[in-house]
Every structure is written in structure tokens, then in C-alpha cells.
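Novice: Dropping the structure in here first, questions after.
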Amino acid sequence: MMAAAPNSAAATASRPKAVAICGAPNVGKSTFFNRLTGLHQKVANYPGITVERRIGTLALPSGETVDLIDLPGIVGLHPRSEDERVAVEVLEGGGQNRKPEAVILVLDSTNLEAQLRLVPGILKFGVPVLVVLNMADDLAARGGTVDTDAISRQVGAPVIEVSARLGTGMESVREFLEGSLAPPPPVQLPVLNSIPAERGWARSVVRQTGYHPPEPSRWGRRLDSVFLHPVAGPLIFLGVVIAVFQSIFTLAVPLMDGVESLIASSGGWLGASLPDSMLKGLLVDGIWGGVGAVVVFLPQILILFLFIGILEDSGYLARAAAIADRSMRAVGLEGRSFIPLLSAYACAIPAIMAARTVENQRDRLATLFIAPLTTCSARLPVYALLIAAFIPDEPLLGPVLGLRAAVMLGLYVLGFAVACATAWVLKSTVLKSTPAPFMLQLPPYRWPTIRSLSLRLLDRSKIFLRRAGTVILLTTVILWFLASVPYVDGQPPEIGDSLAGSIGKAVEPLVEPLGLNWKVGIGLITSLAAREVIVGTLGTIYGMESDEASPALQQALRSDLSFGSAIALLMYFAFAMQCMSTVAIVRRETGGWKWPILQFGYMLALAYVTGYAAYRIFG
Amino acid sequence: MKILVDLEPGRTAVVDELLFDSADAVRLMELGFIPGSSVSCQRRVPFGDLAVYQLDGAQIALRRETAERIRVRPQVARGGG
């Protein structure tokens, strides 16, 4: 039954067949998925919950299409984290999931004994399974061999060898999906009810089929002895971090100039070719000025994610996590909190959801409480704008580290430090608990592939541009209307006399202690929706004030704010919870308003006090 | 030598017993800490109390207090072992 061809299952169904791809973490599952689907993939949520899933469509030569689902990595079928629970639930067809018609189990062929253990459990789901032994290139290069036919006869399911990195062996995957891959005769597998029994079974299969494990990778040992060296290790860690931040400025600047001039010239062209009307004002001042001001920061965000991608795909990030473990421990958090906090550098929302991997309820609360304090990528445009406007472009440590990069790095460190301090306070008072055992898997080092990195960047660009096209566009349009009414003598008002202006002036007394004016006040209100909205808002406000199509936003800010006010604004954005999506997700994850309200109040107080202090100190 | 934390870098022993509740023990076994299998200490991580252990098929870093709760026994010298 388990070896039946996949298309016999639901031959009459008109909807595409669903095939799940599963496997342990770090076996090249995503590379395999990317290799199969290329650009034909999208990220969606699992039904009912918000763990992201990746679905790809594959057109087979027969004309049939298949939906491929890339499941989160599973260490075993005893899920401990929400991620793993989702993977197992999809395989079972539980919850609101539709049970896949077939499963592709990806294993690391260089480490077969430990990996084969998963096979009996996956076969038990009763759908056709293809066992893919990935990393064939690595296995061969290190002198290992595997007899896929012999293993196939032992497990009673087709087994193939591929290198997802190089794209070899992938034809057989398509044959399997088409149902033309002849399955071996079914086999009655022994009942395995414990992990040692599963492992014993795997060992016997590996031995009986004459598997030659590869020579241990000498590179891995060598790299570890450098990256985890008592002196060199931490220094390299520091060097890597500095390089990332320096390149956000040096590498990204020419690209940003390109994007900026593109937006400015297209805005200028639009302004010249349209007749004077309200629509023109909305398009040129509102949308081009507002959305354009945010889109300029795409290159910087992509460079940050390119680096994170390289660090993660190469296996270095796990070593960095090992080195950073001590600081996590010092604040009373368990090591697994480190991973959600790392993803908070992209966005607090996935981080708060990833906090589900933290089993201890109190640790989980502490983790999701501090996650929005780490510097998410929505802060990057705000920081970059203010730093470029107010911090001189001077070297600090020769050519290695410039002053601007150092300030940016300082803001990241500040966010992290305050997050840790907050965790420490929470963990030593209201959220005290006993620590859970900490196990950190160090994956083998691998070369990141261009393919995976570019897909990652493409994904990031889509997310960023979608936000620019929705949240930022919407707030910009609303703001533009508020700034264009009421008409005075049939003419649009000066922005200070508009409805938006009066709202800004109403909150001005509140932001004045931070050295901020009513224009920034408007920005603080609009950016409650999302932090980077303030860049668009300021772009619109200063753009409507000036007659130019492209407002030189940095110059406008410099002439309107003092250095101390700029630092106060940086502090405000470092700490305030200017993100409604985060508030909403915390409410949902904690099941009530108590935690989000506490968090919002705490962060606002922090923002206000540090902003006030900064303005007092820097004038 | 009775517990994993006492294993010096470069030395190998055999996992004997996991002194954890069942959920934690299951995860440790899934990662390769199976009673009867061999484990070697590869290195200690600078700053702090992590050590990296090499198992058959995985490289896992454990904190001191976790390694204290894994009992090990010396490896019996066998041909090639």
C-alpha cells in the first residue's frame, strides 16, 4: 500500500496533487525545494495558524501540476516546538490541513545511519514516500558510497541519490511525482517503538546494504578550531558584525543613489507631464515623495539580508550562537531564546511566533516581551535616514569602520542590551523559572548557493515592496488628504494650516520635551502603524512644503531639527513599539490584552525617557 | 569518569544513562545521545560553559548543567574502537 504510485491516489481530482517535503534540519531540504520549484513558489500561512509555509508549483511533462509543500525541519516525530508540531500535523492530515498525497523525505547521505531512523515513522503515514539521499556530491567527494537499490529493497520505498546543490539526480524526482518510478516490492517493517530501536534498525539497514560512510570532513574540524578558538573565535565574531554594518553603508550607497535618482527623475517626469490638478499633487508629492522615500532603503535591507543569509546557510550562525550563549545565560534566558531573538533582527512578528519553540511558558513570555526591542529591519530606513542626515561621514577606525556604521552598530547593540536587561529584570522577578536543558545542533559547514541566496533576497524584496505598496501607500494617501484640506479661498492650505498640521500641532506639546516639532509629531502618529512609515510621512510633508518633485529629505531635516532632537528621535525609534502588527500578534500569542498593553507602555516610557535625556545631553 | 561533563576534549566515552524526564530524554536521543552509543568531546566553546560533542551523525553543543546529567562509561577497547 505504501509503495503505490502517487497518482493512483486521487487520479480524478482536478486540484493539483499536494506533495510534502520533509526531513531533519540542515539536510538541504530548502535547496532541494528551490531546485525543484525555482521561482514558482510562494510563502503562505498554514490554515488556522501563522507558521509560514512555502508552497511551490511544479508542472510535470505530462501537463499535470503538483503543489510542493516545504515543511519545517523535524528532528523526529516527537514534536517539541510549534514548528515541528505543524510538520507532523500536515503529514497526519490533522487540523485543517489536507493530507498530502505523497511525501518526499530528504536525508543527508553523508550521515545515513542517523538519518534513516526517520524512514519507518514517515512510511507509517500510509502515503507513497520517495526517499531522497541528498548531498551525493559531498558523499562522493569524501569517498563514501551508497547502494540506493539495496536500501530501497530494505525499506520498501523508492530511494534515489541527488545533489540538490548541483541539480543532479532530480529527473527521478519528477518520475516519482508522475508516478512512473517503479516502486520496490512492499516490505513489512518491524514495529519500532523507541528511538534506540529505530536507530538499531537504521544501523542494520546501513550495514546490510554496504553503505560506506564518507571520511570525516577535515574542513569542518579546521573551521571549528578557528571559529570556536578562545581568542580568534570572538574576534572573528566581532569582525563579521562590523563588516556587515560597514557594508550597509559603503556597499549600499551607490545602489541607493541609483534608486533615488530613478525615483526622482520619474517623479519629475510625472510632474512635468501631468496637468496641474489635485491628482498630480497626490501622485507627485504624496505617493512619489512618500512611498519613494521608503523604497530608497531597499538596497540596505537586501545587503543586511544577504549577509544574514550567507551566515546562516554556511553554518556559521550556529557557531556564533554558541559563542553568544553566555550572554543569553547571564540574563537568565534559555539558549533557545537566542534563535527567536536573531530572527527579530528581520522582524519582531516571526520572532514572536518563533518564541513558540521555547517550551517553558515563562521563558516564552520573556522572549516575546523583549523581541520588539531588538532592531528590526523596519527601523533600518529610519536610522539610515537620520544617521545620513546628522552624523558626518568620517572614518572612526581608519578604513575599517566609519562613524556612521559605528553609530548604526551602536543602535543595534543598544537595542540588544536593553532587550537583555529587560529579560534579566523579568526573569529575576515575575517570570522566574528553572532552566530547560540546552541543546544546540552545529550543522556541517556548507557553501551557500547563489540560487538559495537570490531566492531569499527576492522574497525579502517582495515583503518590503508589498508593505510599501499597502501600509505605507495607504497612510501616505490618507496623510496627503489630511494635509490638503481644508481649502482656503479655493486653494490647498499651507501644510501648517491643514487638518494634518492641526493634529501635529495638537501633539506638539507632547513631543517638544524631546526637541521635536509638529511635523515629526505627525510622523510619530502615522508611524504607529509601522516604523518606516515616518520616512514616507516626512517625505510627503517636506515634499509638499518644497516645490521640488524630489525633496532633499536629509537637507530638509537638517535645517528643521537640531542634532540633539535627531538623537532623541533615534532613541524614540529604538524603543517605542511603533508597530500595530506586533501589538496584534502579542495579543494573539498571549491570549489577552495584558501583555501587549504592558509591553506598549513599557516601551513608550523607555522611548520617552531616553529621548528626553538625549535631547538634554546633546542639545 | 561518570558524567559527560568530565570528558576531556579529544576523549571518547559511551553514553550510559540520561537523567532527564522523558520529553527531554527523547529529544537528546533524537539528537544522537542514545545509551550505548559513543560520544566524544570535541572542544569547549570560549566564553562560558558550552562544550561541543561529536556523536555518530551530529555535532551538538551542550551547557555544563545538561552534560552533568548525562552518565557515561569508559569505552571498552575493541578492535578498531
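So the sequences go chain by chain: G and B. Under numbering that gives the first Met the number 0, the letters of the first sequence match residues 0 to 618, in that order. Under numbering that gives the first Met the number 0, the letters of the second sequence match residues 0 to 80, in that order. The beta carbon of each residue, even a glycine, is placed where N, CA and C say it ideally should be.
Can you check whether the C-beta of residue 18 (chain G) is within less than 9 Å of a C-beta belonging to chain B?
Specialist: Looking up residue 18 (chain G) in the first sequence gives position 19. With 9 Å as the cut-off, residue 18 (chain G) does not count as an interface residue toward chain B.
Novice: Under 9 Å, Cβ to Cβ, is there at least one residue of chain B near residue 219 (chain G)?
Specialist: As a position in the first sequence, residue 219 (chain G) is number 220, starting the count at 1. For residue 219 (chain G), the answer is yes, since a Cβ of chain B falls inside 9 Å of its Cβ.
Novice: Can you tell me the Cα-Cα spacing of residue 503 (chain G) and residue 63 (chain B), whole angstroms?
Specialist: In the first sequence, residue 503 (chain G) corresponds to position 504, counting from 1. In the second sequence, residue 63 (chain B) corresponds to position 64, counting from 1. Their backbone Cα atoms lie some 55 Å apart in a straight line.
Novice: Identify which residue in G:382, G:259, G:557 has its Cα closest to the Cα of residue 531 (chain G).
Specialist: Counting from 1 along the first sequence, the entry for residue 531 (chain G) is found at position 532. Ranking the options by Cα distance to residue 531 (chain G), first place goes to G:382.
Novice: Which ranges does the alpha helix (DSSP H) cover as unbroken runs of at least 4 residues, wholly within the stretch 321-374 of chain G, from first to last along the chain?
Specialist: The stretch 321-374 of chain G contains these whole alpha helix (DSSP H) runs: 337-342, 347-353, 360-369.
Novice: For residue 549 (chain G) and chain B, any beta-carbon pair shorter than 9 Å?
Specialist: Here residue 549 (chain G) refers to the residue found at position 550 when the first sequence is read from its first residue. Residue placement at residue 549 (chain G) cannot be trusted, given a pLDDT of 46 that sits under 50; what the coordinates show is reported in the next sentence. No, its Cβ sits nowhere closer than 9 Å to a Cβ of chain B.
Novice: Taking three-plus beta-carbon pairs below 8 Å as touching, is the stretch 304-321 of chain G in contact with the stretch 410-417 of chain G?
Specialist: Taking 8 Å as the limit for Cβ pairs, the verdict is that the stretch 410-417 of chain G does not touch the stretch 304-321 of chain G.
Novice: At a Cβ cut of 8 Å, what residues of the stretch 16-50 of chain B count as close to chain G, listed as they run along the chain?
Specialist: From the stretch 16-50 of chain B, only 19, 22, 23, 25, 26, 27, 28, 29, 30, 31, 33, 34, 35, 36, 41, 42, 44, 45, 46, 47, 48, 49 have a Cβ closer than 8 Å to chain G.
Novice: At a cut of 8 Å, does the stretch 155-162 of chain G reach the stretch 129-144 of chain G through at least three beta carbon pairs?
Specialist: Touching, yes.
Novice: In angstroms, rounded to a whole number, what distance separates the CA positions of residue 189 (chain G) and residue 122 (chain G)?
Specialist: Here the question's residue 189 (chain G) lines up with position 190 in the first sequence. Here the question's residue 122 (chain G) lines up with position 123 in the first sequence. Residue 189 (chain G) and residue 122 (chain G): Cα-Cα distance of roughly 12 Å.
Novice: Buried or exposed: which applies to residue 549 (chain G), given that a residue is buried once 16 or more other Cβ atoms fall within 10 Å of its Cβ?
Specialist: Numbered from 1 along the first sequence, position 550 holds the residue referred to as residue 549 (chain G). With a pLDDT of only 46 at residue 549 (chain G), under the threshold of 50, the placement of this residue in the model should not be trusted; the figure read from the coordinates follows. With 16 or more Cβ atoms within 10 Å of its Cβ, residue 549 (chain G) is classed as buried.
Novice: What would DSSP say about residue 52 (chain B), mapped onto helix, strand or coil?
Specialist: Locating residue 52 (chain B) in the second sequence gives position 53, counting from the first residue. Here residue 52 (chain B) sits in strand by DSSP.
Novice: Quick check on residue 245 (chain G): buried or exposed, where buried means 16 or more other Cβ atoms within 10 Å of its Cβ?
Specialist: Position 246 of the first sequence, counted from the first residue, corresponds to residue 245 (chain G). Classification for residue 245 (chain G): buried.
Novice: From the beta carbon of residue 65 (chain G), is the nearest beta carbon of chain B less than 9 Å away?
Specialist: Here residue 65 (chain G) corresponds to residue number 66 of the first sequence, with the count starting at 1. Chain B contact via Cβ: absent.
Novice: Looking only at its chain, what residues have a beta carbon closer than 6 Å to the beta carbon of residue 64 (chain G), apart from the 5 residues adjacent to it on each side?
Specialist: Mapped onto the first sequence, residue 64 (chain G) falls at position 65. Result list for residue 64 (chain G): 15, 56, 58, in chain order.
Novice: Got a sec: is the Cβ-Cβ distance from residue 416 (chain G) to anything in chain B below 9 Å?
Specialist: By one-based count along the first sequence, residue 416 (chain G) stands at place 417. Chain B contact via Cβ: absent.
Novice: Alpha carbon to alpha carbon, how far is residue 30 (chain B) from residue 210 (chain G)?
Specialist: In the second sequence, counting from the first residue as 1, residue 30 (chain B) sits at position 31. In the first sequence, counting from the first residue as 1, residue 210 (chain G) sits at position 211. Whole-angstrom Cα-Cα distance: 21 Å.
Novice: For the stretch 428-462 of chain G, list every residue whose C-beta sits within 7 Å of some C-beta in chain B, in sequence order.
Specialist: Going along the stretch 428-462 of chain G in chain order, one finds 436, 437, 438, 439, 440, 441 with a Cβ nearer than 7 Å to chain B.
Novice: Could you check if residue 18 (chain G) is buried or exposed, using at least 16 other CB atoms within 10 Å of its CB as the buried criterion?
Specialist: Taking the first sequence and counting its residues from 1, one reaches residue 18 (chain G) at position 19. That one is buried.
Novice: So with Cβ pairs under 9 Å, would you call residue 3 (chain B) a contact of chain G?
Specialist: Mapped onto the second sequence, residue 3 (chain B) falls at position 4. No, its Cβ sits nowhere closer than 9 Å to a Cβ of chain G.
Novice: Please report the straight-line C-alpha distance between residue 513 (chain G) and residue 557 (chain G), rounded to a whole angstrom.
Specialist: Residue mapping note: residue 513 (chain G) aligns to position 514 of the first sequence, counting from 1. Residue mapping note: residue 557 (chain G) aligns to position 558 of the first sequence, counting from 1. About 16 Å.
Novice: Could you tell me whether the Cβ of residue 74 (chain B) comes closer than 9 Å to any Cβ of chain G?
Specialist: Indexing the second sequence from 1 puts residue 74 (chain B) at position 75. Answer no: the Cβ-Cβ gap between residue 74 (chain B) and chain G never drops below 9 Å.
Novice: For residue 60 (chain B), decide whether its Cβ has a neighbour in chain G, counting only Cβ atoms nearer than 9 Å.
Specialist: Reading the second sequence from its first residue, position 61 is the one you call residue 60 (chain B). Yes, residue 60 (chain B) lies at the interface with chain G (some Cβ there is under 9 Å from its Cβ).
Novice: Please compile the residues from chain G whose C-beta is within a distance smaller than 8 Å of the C-beta of residue 107 (chain B).
Specialist: This structure gives no information on residue 107 (chain B), because the portion of chain B shown stretches from 0 to 80.
Novice: What's the C-alpha gap between residue 310 (chain G) and residue 243 (chain G)?
Specialist: Position 311 of the first sequence holds residue 310 (chain G). Position 244 of the first sequence holds residue 243 (chain G). If you take the alpha carbons of residue 310 (chain G) and residue 243 (chain G), they lie about 10 Å apart.
Novice: Can you find the residues in the same chain that come closer than 8 Å, C-beta to C-beta, to residue 471 (chain G), ignoring five residues on each side of it along the sequence?
Specialist: For the purposes of this step, residue 471 (chain G) is taken as residue 472 along the first sequence, with counting starting at 1. Result list for residue 471 (chain G): 289, 290, 293, 529, 531, 532, 535, in chain order.
Novice: Any Cβ of chain G within less than 9 Å of the Cβ of residue 56 (chain B)?
Specialist: If you number the second sequence from 1, residue 56 (chain B) lands on position 57. Yes, its Cβ sits closer than 9 Å to a Cβ of chain G.
Novice: Hey, is residue 516 (chain G)'s beta-carbon within less than 9 Å of any beta-carbon in chain B?
Specialist: The count along the first sequence starts at 1 and reaches residue 516 (chain G) at position 517. No, residue 516 (chain G) lies away from the interface with chain B (no Cβ there is under 9 Å from its Cβ).
Novice: Which of helix, strand or coil does DSSP assign to residue 17 (chain B)?
Specialist: Position 18 of the second sequence, counted from the start, is the residue given in the question as residue 17 (chain B). Strand, per DSSP.
Novice: From the DSSP output, in three-state form, read off residue 48 (chain G) for me.
Specialist: Mapped onto the first sequence, residue 48 (chain G) falls at position 49. Here residue 48 (chain G) scores only 48 on pLDDT, less than 50, and its place in the model should not be relied on; the value that follows carries that caveat. Residue state, collapsed to three classes: coil.
Novice: Pop quiz: residue 563 (chain G) and residue 614 (chain G) are said to be a contact at Cβ under 8 Å. What is the actual Cβ separation, rounded to whole angstroms?
Specialist: Numbered from 1 along the first sequence, position 564 holds the residue referred to as residue 563 (chain G). Numbered from 1 along the first sequence, position 615 holds the residue referred to as residue 614 (chain G). Contact flag correct, Cβ pair sits at about 5 Å.
Novice: Does DSSP put residue 144 (chain G) in a helix, a strand or coil?
Specialist: As a working note, residue 144 (chain G) is residue 145 in the first sequence. Three-state result, residue 144 (chain G): strand.
Novice: Roughly how many angstroms separate the alpha carbons of residue 3 (chain B) and residue 259 (chain G), rounded to a whole number?
Specialist: Within the second sequence, numbered from 1, the residue matching residue 3 (chain B) stands at position 4. Within the first sequence, numbered from 1, the residue matching residue 259 (chain G) stands at position 260. Going from the Cα of residue 3 (chain B) to the Cα of residue 259 (chain G) covers about 58 Å.
Novice: Determine the contact status of residue 368 (chain G) and residue 421 (chain G), defining contact as a CB-CB distance below 9 Å.
Specialist: Taking the first residue of the first sequence as position 1, residue 368 (chain G) is located at position 369. Taking the first residue of the first sequence as position 1, residue 421 (chain G) is located at position 422. Yes, the pair counts as a contact, with Cβ atoms nearer than the cut-off.
Novice: Name the one or two DSSP bridge partners that residue 64 (chain G) has.
Specialist: On the first sequence, residue 64 (chain G) is found 65 positions in, with the first residue counted as 1. DSSP output for residue 64 (chain G) lists G:58 as bridge partner(s).
Novice: Leaving out five residues before and five after residue 586 (chain G) in sequence, what residues of the same chain have Cβ atoms less than 7 Å from its Cβ?
Specialist: Here residue 586 (chain G) refers to the residue found at position 587 of the first sequence. Taken in chain order, the residues that qualify are 592, 595.
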